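Asker: Just dropping this structure here.
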Amino acid sequence: MNGISKVDIDGKGTLELSGGVLRLHWKPGATVGLDEAHRVLSAISTLGQGVRLPMLIEIHDVTYSAAARRVFPDPSAVSRMALLGSSPVDQVVAMFRLPRLPTGFPVRYFTSEEKALVWLRS
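Using UniProt numbering, the first residue of the sequence shown is number 1, and each one after it goes up by one.
Written out as structure tokens, the structure is:
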């Protein structure tokens, strides 16, 4: 698990394991539906190999369907999650959704990738 592994998510984004952190990056304007959410869950399982890992998700300019939000994230595979945004709109959306996520692990919003990674690795 010390190397870098990357999985394509249906041409809409990538999930990468680097330095012990899962990093989910979506292409700008991506709409994440149920199929993509299931693909991410499968990729997390493959990359994590049964180990719960911290995860960074870039949320700028991404839309999740209600169905995708219901199945993602999986608390059996993720130990903590940082949502990385870049605008006040991202923060409002994250703050609105955070209390509704039945995660079973800590989730925080960040505008700094560096600070998010420090928190994830703490």
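Every residue, glycine too, gets a C-beta built ideally from N, C-alpha and C.
Nothing here was measured: the structure is a model prediction, and the numbers come from that model.
1) Does the count of Cβ pairs from the segment 13 to 23 and the segment 39 to 50 closer than 8 Å reach three?
2) May I ask which residues mark the beginning and end of the alpha helix (DSSP H) holding S45?
3) Could you give the first and the last residue of the continuous alpha helix (DSSP H) run that contains A30?
4) My output table needs one value for A82: the three-state DSSP class, helix, strand or coil.
5) Which residue comes first and which comes last in the alpha helix (DSSP H) that contains K115?
6) Considering R52, what are the terminal residues of the beta strand (DSSP E) in which it resides?
7) Looking at chain B, is there any beta carbon in it that lies within less than 8 Å of the beta carbon of V62?
8) Assign R80 to buried or exposed, taking buried as 16 or more other Cβ atoms, counted over all protein chains shown, within 10 Å of its Cβ.
9) Just confirm the distance between the C-beta atoms of L34 and I57, as a whole number of angstroms; I'd bet it's less than 8 Å.
10) Would you mind sorting M55 into buried or exposed? The rule is 16 or more other CB atoms within 10 Å of its CB.
11) Put V21 into one of helix, strand or coil per three-state DSSP.
12) If you draw a straight line from the alpha carbon of S76 to that of A82, how long is it in whole angstroms?
Answerer: Here's the rundown:
1) yes
2) 34 to 48
3) Neither: A30 is in no alpha helix (DSSP H) and is coded neither H nor E.
4) strand
5) 113 to 121
6) Run containing R52: none; DSSP gives neither H nor E here.
7) Here chain B cannot be found, since the structure has a single protein chain.
8) buried
9) The pair is not a contact, with the Cβ atoms about 17 Å apart (cut-off 8 Å).
10) buried
11) strand
12) 16 Å
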